[in-house]
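In full-length UniProt numbering, the protein residues as written are 1 to 265.
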């Protein structure tokens with residue numbers, strides 16, 4: 001899979017799409033947005049899945065002879081976490097992006113967490129840019145905390161697979177946002193600490209990174225050609241990041257294997 005290569009289409013990316021589904025931002029006001037809040041969450045899931053399907057299967061060139069393939073993961077995944085003497089907590093995503101590996105008799109799931117999908121119905125509040133007229137959802141602290149919690153639980157349950165990074169695609173109505181959570185080198189020690197004094201000691205040690213670092217894109221409206229184009233670029237960039245990490249991991253494994261063979265001679 002080469003995430004730097006996109007399939008060339010018949011329409012110029014420099015011009016807005018003439019699709020009948022194209023919408024002007026002036027067509028979406030606060031009343032229209034309030035009406036959309038009645039739409040169930042599953043509608044948002046289906047829209048996000050349709051966009052990811054189009055991105056991966058129509059816009060990303062993947063070789064027929066390659067051993068791995070990136071696909072949309074429709075099945076929801078549940079992760080569990082135990083820590084700090086508390087009862088176990090669980091988190092379930094709404095699907096995501098995964099990597100499959102070719103086997104002799106078919107395909108197996110190699111990496112289910114290239115990106116998590118967390119979908120919500122339209123948020124309660126929106127921000128209207130007076131200069132452009134664009135509308136963006138306003139994320140509540142509760143929603144942000146839920147996204148962080150889902151990332152933490154997934155990371156804690158699958159650390160050997162995901163390393164120190166979890167990507168989450170947040171969807172709200174027709175909007176998408178890409179969030180990158182990077183977990184500090186000693187964050188696991190912090191949440192596994194048996195008491196608050198141990199946690200305080202870790203926090204005071206400036207040589208230990210006990211934080212979760214979050215980077216986020218803006219909201220992209222899938223009803224606009226510009227929003228779809230930039231969201232697609234983020235999907236491809238996310239896959240390119242995973243490509244680099246996967247290649248680095250394989251190089252390290254090969255190096256370890258070579259050192260082992262050398263020591264046995």
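For each residue, glycine too, the CB sits at the ideal point set by N, CA and C.
Could you check what DSSP says for residue i in three-state terms: helix, strand or coil?
| i | result |
| --- | --- |
| residue 223 | coil |
| residue 212 | strand |
| residue 152 | helix |
| residue 111 | strand |
| residue 229 | helix |
| residue 174 | coil |
| residue 99 | strand |
| residue 186 | coil |
| residue 243 | helix |
| residue 90 | strand |
| residue 218 | coil |
| residue 201 | helix |
Got a sec, what are the start and stop residues for the alpha helix (DSSP H) residue i sits in?
| i | result |
| --- | --- |
| residue 53 | 41 to 58 |
| residue 135 | No alpha helix (DSSP H) contains residue 135, which is instead part of the beta strand (DSSP E) from 135 to 137. |
| residue 162 | 159 to 162 |
Suppose the cutoff is 6 Å on Cβ atoms and the five residues either side in sequence are ignored; what does the same chain contact list for residue i look like?
| i | result |
| --- | --- |
| residue 125 | 138 |
| residue 250 | none |
| residue 165 | 182 |
Around the C-beta of residue i, are 16 or more other C-beta atoms found within 10 angstroms, so that it is buried, or is it exposed?
| i | result |
| --- | --- |
| residue 150 | buried |
| residue 174 | buried |
| residue 141 | exposed |
| residue 132 | exposed |
| residue 196 | exposed |
| residue 112 | buried |
| residue 105 | exposed |
Closer than 7 Å by C-beta to residue i: which residues in its own chain qualify, once you throw out the five before and the five after it? Chain order, please.
| i | result |
| --- | --- |
| residue 93 | 76, 77, 116, 117, 118 and 150 |
| residue 227 | 220 and 221 |
Can you check whether the CB of residue j is closer than 7 Å to the CB of residue i?
| i | j | result |
| --- | --- | --- |
| residue 72 | residue 52 | yes |
| residue 56 | residue 70 | yes |
| residue 214 | residue 181 | yes |
| residue 67 | residue 102 | yes |
| residue 91 | residue 123 | no |
| residue 208 | residue 186 | yes |
| residue 246 | residue 178 | no |
| residue 97 | residue 114 | yes |
| residue 147 | residue 176 | no |
Quick one: residues in its chain with C-beta nearer than 8 Å to the C-beta of residue i, no 5 flanking neighbours on either side, listed in chain order?
| i | result |
| --- | --- |
| residue 203 | 190 and 210 |
Over the uninterrupted beta strand (DSSP E) stretch that includes residue i, give me the two end residues.
| i | result |
| --- | --- |
| residue 70 | 68 to 73 |
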